[in-house]
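In the numbering used here, the protein residues as written are 12 to 134. For each residue, glycine too, the CB sits at the ideal point set by N, CA and C. Accompanying notes for the structure given below.
Structure representation (structure tokens):
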């Protein structure tokens with residue numbers, strides 16, 4: 012084994028050991044796992060009916076819940092992407108304004124240089 016890989020493994024092992032000793036973190040992970048189990052059990056135990064009014068089987072319930080989760084995820088992604096594009100658009104507008112002001116300053120410099128050139132040509 013290479014020394015770098017061995018060092019990375021030792022570091023990872025030490026980090027995992029420290030995390031496992033952290034009782035508060037372990038308690039929070041346990042709580043989150045229990046909540047997840049409760050939600051799954053609730054989702055499975057709730058009767059879900061199809062268009063015909065018949066109760067769905069377990070697999071159909073899972074497919075239905077997965078579809079709902081997919082729709083919620085897509086909606087959340089759309090919101091995040093929309094916010095991102097707004098921020099990017101604002102940044103681009105600021106850049107455009109900055110470039111426009113630089114262009115105006117350069118136009119003034121060019122006009123001044125042209126005036127100097129005309130003055131020198133007149134002599």
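With respect to the 7 angstroms criterion, residue 58 and residue 66 are classified as neighbours on the basis of their beta carbons.
Beta-bridge analysis with DSSP links residue 66 to 60.
With fewer than three CB-CB distances shorter than 8 angstroms, the region 74-89 does not count as touching the region 101-117. Taking the CA atoms as reference points, residue 24 sits about 52 angstroms from residue 110. Judged by DSSP in its simplified three-state form, residue 105 adopts helix. Our two residues, residue 38 and residue 49, have alpha carbons roughly 16 angstroms apart in a direct line.
The Cβ atoms of residue 76 and residue 54 sit closer than 7 angstroms to each other.
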